[in-house]
Amino acid sequence: MRIIEDINHCSELGSSSVVTIGAFDGVHIGHATILHQLRKISSQTASPALMVTFEPHPQEVLNPKRAVSLLTTKGEKLEILASLGTQTVVVLPFTARLAGLSPEEFVREIVVRKLGAQRLVIGYNHTFGKGRSGNVEILRKLGNKWRFKVDVVSPVVVDGQPVSSTRIRALLSEGKVSQAAELLGRNYSFLGCVCRGEGLGRRLGFPTANLRVEDPRKLIPATGVYAVRATLPAQRRVGVMNIGYRPSFGGTQRTVELYLLDFQGDLYDNEIKVELIAKIRDEKRFLRKEALAKQIEGDIKVAEELAK
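What the sequence shown shows, in my numbering, is residues 7 to 314, in sequence order.
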């Protein structure tokens, strides 16, 4: 997969591209449908396919105080796009100037002059331009003016509702990771670096890896205990992960702790990819450490079953 971070280099690909544009946060099954249509039209017309996304997420510029938590970091997004067979990705810096372009200015400057679009493939609810004032109807009118065709992809509907990044964020924020996985088309995951903790798990007989999430903008699911799969250097393991405040030990800061089944070794400073399979239970306070240890044993059995 080719990654272009300077839009001026798109001219090297020719003047008749098939293009899709969007934040594509999460690269969920609705996005995958758009990308499938992009590849299909590209093949039919023998034209280069350009997938254009933004960095940072537009909300970080438009409303930084209420910026959304990310489903995918830039690196994660690019990795998923490559796995879906995407040919070329253009990473467009989302700046205040770009946000200030009117719909017609955006189409003229970006879609036509920079990207050389002959076909534009977009989702049914696509908005663009200053104040998100452009929509599908406006885009079709501008397509007639600038001589490119607009292909609109219908929503993917699950349980009576369109799949969207907003819906997935809401599910994860409620701890509903298995439902989120259905909409993503894969388990939700994040990267964490193993850092030193207080050794509380080891004292209980369950040594845990304390994870520092690599990107602070990344969405971490709701407090609770989860069954997970963890990718370590050269191996994968099933695990039990606790996201929360460790109430049994009087904790006040939110932490992410991971216990790996059948693992022995030193993980400090290693990067681990954690895929969430399902939520096992809510976090709760235990008055006796023996009761907590017994509960963890039960959590491990549940995680083993869920990971089969």
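The beta carbon of each residue, even a glycine, is placed where N, CA and C say it ideally should be.
If you're wondering where the values come from, they're calculated on a predicted model, not measured in any experiment.
- When C-alpha distances from S170 are compared across I27, G36, K307, the shortest belongs to G36.
- For A313, there is no enclosing alpha helix (DSSP H), as DSSP marks it with neither H nor E.
- Rounded to the nearest whole angstrom, the C-alpha separation of T261 and I278 is 15 Å.
- Restricting attention to V156, Q259, V113, the CA atom closest to the CA of I128 is found in V156.
- In the DSSP assignment, L266 falls outside any alpha helix (DSSP H) and lies within the beta strand (DSSP E) extending over 261-266.
- Rounded to the nearest whole angstrom, the CA to CA distance from M7 to H42 is 15 Å.
- By the criterion of at least three beta-carbon pairs nearer than 8 Å, the region 142-151 is in contact with the region 98-113.
- N216 is classed as buried because its beta carbon has at least 16 other beta carbons within 10 Å across all chains shown.
- The residues V200, A215, in chain order, have a CB closer than 6 Å to that of L273 in the same chain once the five nearest residues on each side in sequence are set aside.
- As a beta-bridge residue in DSSP terms, M247 pairs with Y232, L264.
- A residue is called buried when at least 16 other Cβ atoms come within 10 angstroms of its Cβ; R72 does not meet this threshold and is exposed.
- DSSP lists no bridge partner for K120.
- DSSP places S184 inside the alpha helix (DSSP H), whose first and last residues are 183-190.
- The shortest C-alpha to C-alpha distance from G256 to any of T133, L267, K295 is the one to K295.
- Of the candidates G135, F154, I86, F154 places its Cα closest to the Cα of V118.
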